[in-house]
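One rule links them: number in my numbering = place in the first sequence (from 1) + 39. Heads up, the beta-carbon is just placed ideally off N, CA and C, and yes, glycines get one too. None of the values given here were measured: they were computed from a predicted structure.
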Amino acid sequence: MYRAPRGTADRLPDRQKYWRYIESKAVALAQQYGFGRVDTPVFEDSGLFVRSVGEGTDIVEKEMYTFQDRGSDSITLRPEGTAPVCRAYLEHGMHNLPQPVRLYYFCPVFRYERPQAGRFRQHHQFGAEVIGDADPSVDAEVIELAWRLMLSLGLRDIQLLINSIGDQQCRPGYVERLKAYYTGYHDQLCADCRQRLTRNPLRLLDCKVEACHALGQAAPRSVDHLCAECQAHWEQLQGYLKHMELPFQVDHRLVRGLDYYTRTVFEVQPLDAGGQSTICGGGRYDALMEQLDGRPTPGIGFATGMERLILNLERSGVAVPEEPSPRYLVASVGDGARPAALELASRMRRASAGAILSSGARTLRGQMRQANALNIPFVAIIGDDEVRDGTVAIRDMTASTQQTLPLAEFLASLGG
RNA sequence: GCGAGCGUGGCCAAGUGGUCAAGGCGCCUGGCUGUGGCCCAGGAGAUCACGGGUUCGAAUCCCGUCGCUCGCCCCA
């Protein structure tokens, strides 16, 4: 028997309420902030991600779904959302729109990883990007949007972490200081961290091994080595966030795994942060457009993992509204009444009433049981008597009462 | 890529060498020839993940494979 591929999942009807819930909240907020929706293809030229995400990153090195298509072009299933949006910005000349351009999206994201709780090979993100304005007030707005989305979903035991990792001017110097610091403790580092020392020094900061973690306490902090411009940006941002009354915490160990981030980075995490715990992550990417052969254009954005949001909604017991379902089931008695039942159901729907037609192949008792099992509040019963009289029997399943009405009267009562 | 645990009908699950499989949920039917929820009775549905081995005999022991889950790396 075929199964869904590893790390993928079918979304069955009983799960849909979570998706609709998150989507509706996210869309409402995004629109409130002036964002427009953008949808980009599921796959792109592989080069787009290699150049933006970075050749040394895990995503590019071992996690991309890359293949040759029949025209022998190298194609990659989108491993993240920001680069395609930036590509679309450039391709459609959005620099001719009033700046900045605010865009949001929902999309599937693919990474070849070992699945575990909160991590999948295909997962889904809601993301928002503001392109074309480097002012820290934009950072503040984007962070506020992310935070308010979490709150509006009903998530409470969460924290907002921010940091600044500098830009092309100041980060190289900082990274050198960091390397120098950790090199002094080379013998105390775990095997992974010895690798990081040369490959990705920033990641030394958030190693979970106790010895390494302890070393991180006294490690040089990026915010202490910012250039003047980055420093000003960082201070203004914090001031704005305070004015917006956002409960942020500065986390000097917060770094992000994609190469394109500059200056501001931020995450939202559950307080009981475990393994795959980050539910929202983002940051500024002022150099990204140039890497994609565009004019220098600043940008900032974030993405949240839908599956992780749902995981947290369930863990914290947030009540999510049920999907709407029909209020009526149309039952019929006897073969003669079946065409009439079909017609009744059709007329009810044209009158904007939800109706499930029971096929009539089973007994009335069976149809009533079906209505009960489906939690349907009303059953419209039509049999030979009703067909003859032009009526319909309406049973109220919760009150266990029933009345027979003229068909026209019943249909009129449905409204719409 | 590394490490750990697990794999019995759609779901949950008993059974740990000797009637090839209990029970519960769910589904269908009947008890009530046109009426639900409770109850009662019945039914459908399992090559016990797959392959090999040990044994007179395996769901049950051994080996391999596959799959799932959890963790590491990394990330949403």
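| Item | Value |
| --- | --- |
| Counting Cβ pairs, one atom from each stretch, are 3 or more of them under 8 Å apart for the region 213-229 and the region 329-337? | no |
| Would you check if the distance between the CB atom of Phe417 and the CB atom of Ile395 is smaller than 8 Å? | no |
| As a quick exercise: from Leu194, Leu310, Ala267 and Glu119, pick the residue whose alpha carbon is nearest that of Val357. | Leu194 |
| Short of 6 Å in beta carbon distance, which residues of its chain neighbour Pro240, apart from the five on each side in sequence? Order them along the chain. | Val214, Leu217 and Lys218 |
| Relative to the C-alpha of Pro139, which residue among Val262, Gln330, Ser176 and Leu310 is closest? | Ser176 |
| Express the C-alpha separation of Gly171 and Gly338 in angstroms, rounding to a whole number. | 6 Å |
| Write down every uninterrupted run of the beta strand (DSSP E) in the region 365-394 whose length is 3 residues or greater and which is fully enclosed by it, in chain order. | 367-371 |
| If you draw a straight line from the alpha carbon of Ile415 to that of Ala370, how long is it in whole angstroms? | 12 Å |
| Is it true that the region 139-149 meets the region 275-293, where meeting means three or more beta-carbon pairs spaced less than 8 Å apart? | no |
| Could you pull the DSSP bridge partners for Leu116 from this structure? | Phe82 and Tyr104 |
| What beta strand (DSSP E) runs, 3 residues minimum, are completely inside the region 282-306? | 287-289 |
| So what does DSSP say about Cys146, is it helix, strand or coil? | strand |
| DSSP three-state label for Pro52, please. | helix |
| Between Asp325 and Arg302, is the Cβ-Cβ spacing less than 8 Å? | yes |
| Taking 8 Å as the threshold, find out whether the region 75-84 comes into contact with the region 115-125 through three or more Cβ pairs. | yes |
| With three or more C-beta pairs closer than 8 Å as the rule, is the region 174-193 touching the region 95-107? | no |
| Between the C-alpha atoms of Cys246 and His252, what's the straight-line distance to the nearest angstrom? | 6 Å |
| With a cut-off of 8 Å, do at least 3 Cβ pairs link the region 192-206 to the region 256-266? | yes |
| Could you tell me whether the Cβ atoms of Ala342 and Gly166 are closer together than 8 Å? | yes |
| Given that a residue counts as buried once 16 or more other Cβ atoms are within 10 Å of its Cβ, and exposed if not, what is Asn328? | In the sequence on display, residue 328 carries Met and not Asn. Classification for Met328: buried. |
| Could you check whether Leu254 and Gln227 sit closer than 8 Å to each other, using their CB atoms as the reference points? | yes |
| Are there three or more Cβ pairs, one per stretch, closer than 8 Å when the region 348-363 is compared with the region 42-59? | yes |
| Report the option in Ser398, Arg404, Ile61 and Ala390 whose CA atom is closest to the CA atom of Ala379. | Ser398 |
| Could you tell me how far apart the beta carbons of Cys269 and Asp206 are, in whole angstroms, since I believe they sit closer than 8 Å? | 6 Å |
| As an exercise, report each continuous alpha helix (DSSP H) stretch of at least 4 residues that is fully enclosed by the region 230-256, in chain order. | 230-238 and 249-256 |
| Report buried or exposed for Gln308, applying the criterion of at least 16 other Cβ atoms within 10 angstroms of its Cβ. | buried |
| Give me the Cα-Cα distance between Ser91 and Pro118, rounded to the nearest whole angstrom. | 11 Å |
| Give me, in chain order, the residues of the same chain whose beta-carbon lies closer than 8 Å to that of Cys209; leave out the 5 immediate sequence neighbours on both sides. | His264, Leu265, Cys266 and Cys269 |
| Which one or two residues does DSSP pair with Ile339 in a beta bridge? | Val169 and Arg323 |
| Report the option in Asp178, Asn135, Leu192 and Val66 whose CA atom is closest to the CA atom of Glu274. | Asp178 |
| Note the first and the last residue of the continuous alpha helix (DSSP H) segment covering Thr121. | Thr121 to Glu130 |
| Please state the DSSP three-state secondary structure of Pro259. | coil |
| Taking the continuous alpha helix (DSSP H) assigned at Arg354, which residues delimit it? | Met345 to Arg354 |
| Counting along the chain, where does the beta strand (DSSP E) carrying Gln406 start and finish? | From DSSP, Gln406 is part of no beta strand (DSSP E) but of the alpha helix (DSSP H) over Leu403 to Ala412. |
| Can you tell me the Cβ-Cβ gap for Arg36 and Arg242, rounded? I've got them flagged as a contact below 8 Å. | Summary: the structure shown does not reach residue 36, with the chain confined to residues 40 through 455, and so no result is reported for it. |
| Of the choices Leu116, Asp108 and Thr317, whose alpha-carbon is the least far from that of Ala156? | Thr317 |
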